[in-house]
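Residue numbers (the working numbering): 1 to 459.
Cβ coordinates follow ideal geometry from the N, Cα and C atoms, glycine included.
Nothing here was measured: the structure is a model prediction, and the numbers come from that model.
Structure, as structure tokens:
Shown next as structure tokens:
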């Protein structure tokens, strides 16, 4: 698959991207009986493509006399894949990382808000699924919010009477299995948890581009409820932002007949926990969520930083019960400003490697990316630990296979008709040699008679 040239017009470029994402969608929905491989465009692949394009009979019309020599002398390619046959991955474990910031006072008596983002990506080719915007931008935003808000919790003068829970969930692209397990651990467990009494849960999904933010809800919050207050503060912060951004609410009921949930907050809504998802995508069926074209170029760090600031301001105003025109200049200024370099570093890190769920599975050792995210959360949060989802061994909810990448060798070969003509040529050559050997005495007589006649003429 070749990406369109970025030098063409924006409308043309966007149209070409849409064609490719539609192709991905159709290939994911159809049963394909032959293996399909995806590779980066290289000089060798381009040379192979141009060679096949030039030898294609559709390129130009030729007569039969011209076509036959061209067919014989043309070259083809044989692609050979070296690698093991696909097999299920044993002992699948999907890891989620949680942490919290405890408010000033008795923890169990304080209001709580949860912030969630899934860290895995999805695309037609797992080894090429980077998910920079969906949902690398959400992960980067959560970690920046953790860093930023922790500054308020470490200062006795700004320590709010508010608990914040953070979750980086795994298996987000597979019906949010990591989030489901985390909810079960916190609600069905006998241990005390802050989640059942949380005012609301804010899920972050694809917030690294565009100038619109949509708050997706399964049920619109009631007037004056914590969710309604946060939504209004979000709108206020968006209006006060130096860079224009529009915030609106999108209501979509949960369809329990669907096999897959549309948004991550629906996992909470099913358990009757107030939750919503913030995204610049208006539709959960946007092809941008499941494409291998979601690479580093999909994230605009400036817009991501703007969105993080809007979210942080809305959360802070809610935590400190600031309303109206009070503190119009904003809380996160000067020393508490958003660090674009920190956001950019995380976006670059998350975009530097494919993050399909099957490539981040944990067994005896954790994936380096998971360890890195855990270290970042440990630096700013308290009580950081894992929540591990293991599929049922008898009836697994999902099954992953390996390998996700392999090595393909291309060999230049001649067509079968070339072998036929080569065999005919060799047979003719051997036939001539055979006739020369078996009739050598006749050839010798001819040479001698010719030699005698030449001598007679000279004398």
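Residues that residue 386 bridges to, as DSSP identifies them:
97
Cα-Cα, which of 156, 252, 280 and 85 is closest to residue 138?
Of the candidates 156, 252, 280 and 85, the residue whose Cα lies closest to the Cα of residue 138 is 280.
For residue 14, does the three-state DSSP call read helix, strand or coil?
helix
Residue 114 by DSSP, collapsed to three states: which one?
strand
Under the assumption that residue 230 contacts residue 159 (Cβ atoms under 8 angstroms), give the Cβ distance between them as a whole number of angstroms.
Between residue 159 and residue 230 the Cβ distance is about 20 angstroms, and since that is not below 8 angstroms, they are no contact.
Would you tell me roughly how many angstroms separate the C-alpha atoms of residue 210 and residue 332, rounded to the nearest one?
22 angstroms
Can you give me the Cβ contacts of residue 82 inside the same chain, cut-off strictly under 6 angstroms, excluding the 5 residues immediately before and after it?
407
Under a three-way DSSP split, which group does residue 201 fall into?
strand
Environment of residue 440 [buried if 16+ CB atoms lie within 10 Å]:
exposed
Between the region 185-204 and the region 261-280, are three or more C-beta pairs nearer than 8 angstroms?
The region 185-204 vs the region 261-280: in contact.
What is the DSSP secondary structure of residue 461, counted as helix, strand or coil?
Residue 461 lies beyond the residue range present for the chain, which begins at 1 and ends at 459; the question has no answer from this structure.
Going by beta carbon distance, what residues of the same chain come within less than 8 angstroms of residue 295, once the five residues before and after it are set aside?
130, 132 and 351
With respect to the alpha helix (DSSP H) encompassing residue 269, which residues constitute its N-terminal and C-terminal limits?
Per DSSP, residue 269 belongs to the alpha helix (DSSP H) from 265-270.
By a C-beta neighbour count over all protein chains shown, 10 Å radius and 16 as the cutoff for buried, is residue 36 buried or exposed?
exposed
Segments of 3+ residues assigned as beta strand (DSSP E) that fall wholly inside the region 230-285:
246-251 and 275-279
Quick check on residue 223: buried or exposed, where buried means 16 or more other Cβ atoms within 10 Å of its Cβ?
In this structure residue 223 is exposed. Its beta-carbon is surrounded by fewer than 16 other beta-carbon atoms within 10 angstroms.
Name the residue from 92, 86 and 293 whose alpha carbon lies nearest to the alpha carbon of residue 121.
The shortest Cα separation from residue 121 among 92, 86 and 293 belongs to 293.
Is residue 362 helix, strand or coil when you go by DSSP?
coil
Keeping to the same chain, check which residues put their C-beta closer than 8 angstroms to that of residue 284; ignore five residues upstream and five downstream.
These residues qualify, in order along the chain: 216, 252, 262 and 263.
Bridge partners - residue 78, DSSP secondary structure assignment
Its beta-bridge partners are 411.
Thinking C-beta only, is residue 268 closer than 8 angstroms to residue 187?
no
Residue range of the unbroken alpha helix (DSSP H) whose run includes residue 37:
Where residue 37 is concerned, there is no enclosing alpha helix (DSSP H), given that its DSSP letter is neither H nor E.
Nearest neighbour of residue 205, chosen from 236, 254, 115 and 155 [CA to CA]:
115
Simplified DSSP state of residue 405, which is helix, strand or coil:
coil
Taking the alpha-carbon positions, what's the residue 513 to residue 337 distance?
The structure shown does not extend to residue 513, since the chain is modelled only from 1 through 459, so no value can be given for it.
Alpha carbons only, please: which of 237, 228, 241 and 239 is nearest the one belonging to residue 249?
228
Taking the straight line between their C-alpha atoms, what separation do you get for residue 235 and residue 30?
Approximately 42 angstroms, taken between the alpha carbons.
With burial defined as no fewer than 16 other Cβ atoms inside 10 Å of the residue's Cβ, what is the status of residue 47: buried or exposed?
exposed
State the Cα-Cα distance for the pair residue 394 and residue 346, rounded to the nearest angstrom.
38 angstroms
Taking 7 angstroms as the limit between beta carbons, can you name the residues of its chain near residue 151, skipping five residues before and five after?
336
Leaving out five residues before and five after residue 477 in sequence, what residues of the same chain have Cβ atoms less than 8 angstroms from its Cβ?
Within the shown structure, residues of the chain are numbered from 1 to 459, placing residue 477 beyond reach of any answer.
For residue 450, name the three-state secondary structure that DSSP assigns.
When DSSP states are grouped into helix, strand and coil, residue 450 belongs to the helix group.
Tell me, please, which residues DSSP counts as bridged to residue 441.
For residue 441, which the question treats as bridged, DSSP gives no partner whatsoever.
Starting from residue 165, trace the beta strand (DSSP E) in both directions and tell me its first and last residue.
DSSP places residue 165 inside the beta strand (DSSP E), whose first and last residues are 163-169.
State the Cα-Cα distance for the pair residue 342 and residue 384, rounded to the nearest angstrom.
20 angstroms
Check whether the Cβ atoms of residue 482 and residue 124 lie closer than 8 angstroms to each other.
The requested residue 482 does not occur in the structure, where the chain is confined to residues 1 to 459.
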